[in-house]
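From first to last, the protein sequence lines are chains A and B.
If you read the first sequence in the UniProt record's numbering, its first letter stands for residue 1, the second for the next number, and so on.
If you read the second sequence in the UniProt record's numbering, its first letter stands for residue 1, the second for the next number, and so on.
One structure is given here, and the rest of the page talks about it.
Number of protein chains: 2
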Amino acid sequence: MATIKDVAKLAQVSVATVSRVLNSNGYVNPTTKERVNKAISDLNYRPNDVARSLFKGRSKMIALFVPDIMNPYFPELARAVEDVTNQHDYTFVLCNTDDDIEKEITYLNALQQKSVDGIIIVSSTINKEHIQHINVPIIALDRILSSDLSSVTVTNREGAKEATEYLKEIGCERIAHICGPENASNTVQRLRGYLDVVKDEDWFLSSYVVSGGYNFDKAVEVTINLLKDHPEVDGIFAANDVMGVGVMKAAQSLGLRVPEDLSIIGFDGIALGKTTSPSLTTMAQPIYDIGARAAEILIEHINDKELLRKREEFTVKLIERESTKVRR
Amino acid sequence: MATIKDVAKLAQVSVATVSRVLNSNGYVNPTTKERVNKAISDLNYRPNDVARSLFKGRSKMIALFVPDIMNPYFPELARAVEDVTNQHDYTFVLCNTDDDIEKEITYLNALQQKSVDGIIIVSSTINKEHIQHINVPIIALDRILSSDLSSVTVTNREGAKEATEYLKEIGCERIAHICGPENASNTVQRLRGYLDVVKDEDWFLSSYVVSGGYNFDKAVEVTINLLKDHPEVDGIFAANDVMGVGVMKAAQSLGLRVPEDLSIIGFDGIALGKTTSPSLTTMAQPIYDIGARAAEILIEHINDKELLRKREEFTVKLIERESTKVRR
DNA sequence: CTATTGTGTGTAACCCGTTACATAGAATAA
DNA sequence: TTATTCTATGTAACGGGTTACACACAATAG
Numbered sequence: 001m002a003t004i005k006d007v008a009k010l011a012q013v014s015v016a017t018v019s020r021v022l023n024s025n026g027y028v029n030p031t032t033k034e035r036v037n038k039a040i041s042d043l044n045y046r047p048n049d050v051a052r053s054l055f056k057g058r059s060k061m062i063a064l065f066v067p068d069i070m071n072p073y074f075p076e077l078a079r080a081v082e083d084v085t086n087q088h089d090y091t092f093v094l095c096n097t098d099d100d101i102e103k104e105i106t107y108l109n110a111l112q113q114k115s116v117d118g119i120i121i122v123s124s125t126i127n128k129e130h131i132q133h134i135n136v137p138i139i140a141l142d143r144i145l146s147s148d149l150s151s152v153t154v155t156n157r158e159g160a161k162e163a164t165e166y167l168k169e170i171g172c173e174r175i176a177h178i179c180g181p182e183n184a185s186n187t188v189q190r191l192r193g194y195l196d197v198v199k200d201e202d203w204f205l206s207s208y209v210v211s212g213g214y215n216f217d218k219a220v221e222v223t224i225n226l227l228k229d230h231p232e233v234d235g236i237f238a239a240n241d242v243m244g245v246g247v248m249k250a251a252q253s254l255g256l257r258v259p260e261d262l263s264i265i266g267f268d269g270i271a272l273g274k275t276t277s278p279s280l281t282t283m284a285q286p287i288y289d290i291g292a293r294a295a296e297i298l299i300e301h302i303n304d305k306e307l308l309r310k311r312e313e314f315t316v317k318l319i320e321r322e323s324t325k326v327r328r
Numbered sequence: 001m002a003t004i005k006d007v008a009k010l011a012q013v014s015v016a017t018v019s020r021v022l023n024s025n026g027y028v029n030p031t032t033k034e035r036v037n038k039a040i041s042d043l044n045y046r047p048n049d050v051a052r053s054l055f056k057g058r059s060k061m062i063a064l065f066v067p068d069i070m071n072p073y074f075p076e077l078a079r080a081v082e083d084v085t086n087q088h089d090y091t092f093v094l095c096n097t098d099d100d101i102e103k104e105i106t107y108l109n110a111l112q113q114k115s116v117d118g119i120i121i122v123s124s125t126i127n128k129e130h131i132q133h134i135n136v137p138i139i140a141l142d143r144i145l146s147s148d149l150s151s152v153t154v155t156n157r158e159g160a161k162e163a164t165e166y167l168k169e170i171g172c173e174r175i176a177h178i179c180g181p182e183n184a185s186n187t188v189q190r191l192r193g194y195l196d197v198v199k200d201e202d203w204f205l206s207s208y209v210v211s212g213g214y215n216f217d218k219a220v221e222v223t224i225n226l227l228k229d230h231p232e233v234d235g236i237f238a239a240n241d242v243m244g245v246g247v248m249k250a251a252q253s254l255g256l257r258v259p260e261d262l263s264i265i266g267f268d269g270i271a272l273g274k275t276t277s278p279s280l281t282t283m284a285q286p287i288y289d290i291g292a293r294a295a296e297i298l299i300e301h302i303n304d305k306e307l308l309r310k311r312e313e314f315t316v317k318l319i320e321r322e323s324t325k326v327r328r
């Protein structure tokens, strides 16, 4: 690979002049500039980003932490972050953390050593202390990690409330909830939204809430148990779509008709919900927009270290599909 | 951030000695070593990887090109590559190419400028010429890009043949095929496997093959048309699971029972196939293993520039689920 | 007892850019 | 006409590591 010295030699100028041409700063005589550009293209020269990074202390890389890219919520998020990242000439690094704090810390260190410019984090385990000594901008996504971090989230509680109310509206009289893992903040929010609607109903039982850990197989299993114990349940709000589809699978395996016998609503709005028969009604998040916005805010922080903390909250939107009865 | 000089000063040695301790090479007196290690931990020093990369000309980064991480086949692949990558202390860079050669070339250049150590590519557009002047090891995944590249693929043709034969065995008498996009090499292979079985059947019609572009919505659409034109079709081999689920959706929307009226088999073995009712019978690829193996071979190439080209082919395996009639 | 090898450490060049600073001629201002 | 500013370019330090080479002393060999 040609270096800036080779270009300088061929164009008969100093490396400083070549650098000026490359970065369009300082004075360069148009004739000289042309000579340098010719040398650059003749040698097919491309500046070494590593050397640049070393001097600048910045690497033009952005990392995204997700628990597991195999969870279908994350690919769209990752895609959004990558797209924005690329538009701004950053390179995108993906880190699967398994919500394992050890792995997260290892990544945090490795990325710092690589002078990564910023990190977007979806995590249930990282807290203020883990990141206080990190001098790279961090954005919390989907969940809030620390009071002094910018974040992009959604109206989990309100959305959950709306989902549950929707089930009531269409005529469900016993509504259960399959919630996520206890340690995730959005599990708590969505559960609260559900309880906001049902806790004062005379039919409400605490056993109408069971945890499916945001996991398909677990959701199938707990739903089967729930429906066996409580055949009166005619509506289920699943805290995410993966579990919503699990609930549908469970219902169908028990011979229940969806939505005639059981209405199901999910949360997230991932593509999976469109593939089932019947397709899944859901409270959809603008997943791509969330990821894109997080990346934009991160880049703002990178460009302006003094930028104040931002908190942005997207609203979720009901998508009526086939897993719920038609509104009367 | 502390530098090696700070450590050297604190430990009262030269930077060379610190470097020797860090890299465990050369002679270092045990006492000195201890002093250096103390200084390192006192300062919480971590070597700057950018400086290291500049000197070494290697960055400890590996990139994966996929058409689109939102296609559910790729997250598992990406996960595998990332896991292996991490085990060997590499950082994982994900690139969504949309099978757009412009984007691919842009990435190739950007990664070279970053001294990336190796690239794993899934692409239908990149060919020999695009990569001949690239001096970084490249592995072709899922599809073969160039005769001189190591690759990891699956037995597409044999798997397709087996899938089609399976439909025959369970009693299907008119078997159609929803194929992938024309430009993908595995589309061609899977189509050949299908034709190997059916081309000499007296019932076979060329209109039994339609393209669904590996896409859910497209597959739903073309299947509806196919089944309207050819109500005699009682078995469909979809070239991937996403389309297989689309076929199921189409069949159910037409009021057909699966598998009683129509048996459906997919290809890939992604998690999606387990979520539907009925669940999707498929020719499963060992997706994780494929990705992991590609990453391992890449690392072998990185460590040994003289390593000969390797061609590894994984076999696919029938997973009988509920979308096909039971074998008589 | 000298020659050789092993041990332990430091100096400085190198990787490849960027940029502060120096220099100098040309253009403009006073 | 002289002072000042603008234009144009070069030299060299710098970023933070790694390592070739030099040097010195200790241990072992002959």
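Virtual Cβ for every residue (Gly too), placed ideally from N, Cα, C.
Quiz item: Could one say the Cβ of Met248(A) lies closer than 8 Å to chain B's Cβ atoms, at least one of them?
Solution: yes
Quiz prompt | Cβ pair His88(B), Ile290(B) closer than 8 Å | solution = No, the Cβ-Cβ distance between His88(B) and Ile290(B) is not below 8 Å.
Quiz item: Is the Cβ of Asp49(A) closer than 8 Å to any Cβ of chain B?
Solution: At a cut-off of 8 Å between beta carbons, Asp49(A) contacts chain B.
Quiz prompt | Collapsed DSSP secondary structure at His88(B) in the structure displayed | solution = coil
Exercise. Alpha carbon to alpha carbon, how far is Val136(B) from Asn109(B)? Give it in angstroms, no decimals.
Key: 11 Å
Quiz item: Mind pulling the alpha helix (DSSP H) runs of 4 or more residues that sit fully within the segment 163-216 of chain A?
Solution: 185-198
Self-check item: Complete alpha helix (DSSP H) runs within the segment 241-293 of chain B (minimum length 4 residues, chain order)
Solution: 241-253, 272-275
Self-check item: Whole alpha helix (DSSP H) elements within the UniProt domain "HTH lacI-type" (2-56) of chain A, 4-residue minimum
Solution: 4-11, 15-23, 30-43, 49-56
Quiz item: Which residues does DSSP pair with Phe314(A) in a beta bridge?
Solution: Val154(A)
Quiz item: Are the beta-carbon atoms belonging to Val247(B) and Ala284(B) less than 8 Å from one another?
Solution: no
Practice problem: Please list the residues of the segment 70-104 of chain B that have a C-beta atom closer than 9 Å to any C-beta atom in chain A, keeping them in chain order. | Solution: Met70, Asn71, Pro72, Phe74, Pro75, Glu76, Ala78, Arg79, Glu82, Asp83, Asn86, Asp89, Thr91, Phe92, Val93, Leu94, Cys95, Asn96, Lys103
Exercise. Report all residues from its chain with a CB closer than 7 Å to the CB of Val21(A); omit the five preceding and five following residues, and keep chain order.
Key: Val28, Lys33, Val36, Asn37
Quiz prompt | Span of the beta strand (DSSP E), counted from its first residue to its last, around Ile120(A) | solution = Judged by DSSP secondary structure, Ile120(A) falls within the beta strand (DSSP E) whose first and last residues are 118-121.
Quiz item: Quick one: Cα of Phe237(B) to Cα of Gly266(B), how far?
Solution: 6 Å
Practice problem: Give me the Cα-Cα distance between Ile170(B) and Ile264(B), rounded to the nearest whole angstrom. | Solution: The alpha-carbon of Ile170(B) is positioned some 11 Å away from that of Ile264(B).
Quiz item: Does DSSP put Ile224(A) in a helix, in a strand, or in coil?
Solution: Three-state result, Ile224(A): helix.
Practice problem: Going by CA-CA distance only, name the one from Ser59(B), Ser146(B), Thr153(B) that's closest to Leu111(B). | Solution: Ser59(B)
Quiz item: Hey, is the segment 189-198 of chain A in contact with the segment 144-159 of chain A, meaning 3+ C-beta pairs nearer than 8 Å?
Solution: yes
Self-check item: Contact check, Thr85(A) vs Ile101(A), beta carbons under 8 Å
Solution: no
Quiz item: Is there a Cβ from chain B that is less than 8 Å from the Cβ of Tyr29(A)?
Solution: It is worth fixing the name first, because residue 29(A) is Asn in this sequence and not Tyr. So, not an interface residue.
Quiz item: Is it buried or exposed for Arg311(B), if we count other Cβ within 10 angstroms and need 16 for buried?
Solution: Exposed is the call here.
Quiz prompt | Chain-ordered residues of the segment 268-286 of chain A with a beta carbon less than 9 Å from chain B | solution = Ala271, Leu272, Lys274, Thr275, Thr276, Ser277, Pro278, Ser279
Quiz item: Looking at C-beta atoms only, is the number of pairs between the segment 196-216 of chain A and the segment 171-186 of chain A that lie closer than 8 Å three or more?
Solution: yes
Quiz item: Arg46(A) versus chain B: which residues are under 8 Å apart at the beta carbon?
Solution: Those within 8 Å of Arg46(A) in chain B are Asn109, Gln112, Gln113.
Quiz item: So what's Ala239(B) in DSSP terms, helix, strand or just coil?
Solution: coil
Quiz item: Just to confirm, are Pro47(B) and Ile4(B) a CB contact at a threshold of 8 Å?
Solution: yes
Practice problem: Just mark Val326(A) as buried or exposed, buried being the case when its beta carbon has 16 or more other beta carbons within 10 Å. | Solution: exposed
Self-check item: Below-8 Å beta-carbon distance, Leu145(B) vs any chain A residue
Solution: no
Exercise. Note down the Cα distance separating Val198(A) from Val233(A), rounded to an integer number of angstroms.
Key: Whole-angstrom Cα-Cα distance: 13 Å.
Self-check item: Contacts that Ser263(B) makes with chain A (C-beta to C-beta distance below 8 Å)
Solution: None at all; the shortest Cβ gap to chain A is about 16 Å.
Quiz item: Hey, how far is the Cα of Ala8(A) from the Cα of Ser41(A)?
Solution: Going by the C-alpha atoms only, they are around 13 Å apart.
Quiz item: Applying the criterion that 16 or more other CB atoms from any shown protein chain within 10 Å of the CB defines a buried residue, is Asn240(B) buried or exposed?
Solution: buried
Quiz item: Glu165(B) to Asp202(B), Cα distance in whole Å?
Solution: 16 Å
Self-check item: Neighbourhood of Leu94(A) by C-beta distance below 7 Å, restricted to the same chain and skipping five residues each side
Solution: Leu64, Ile69, Ala78
Quiz prompt | Thr282(B) beta carbon less than 8 Å from that of Lys249(A) | solution = no
Quiz prompt | Outcome for Arg257(A) when other beta-carbon atoms lying within 10 angstroms are tallied against a minimum of 16 | solution = So Arg257(A) counts as exposed.
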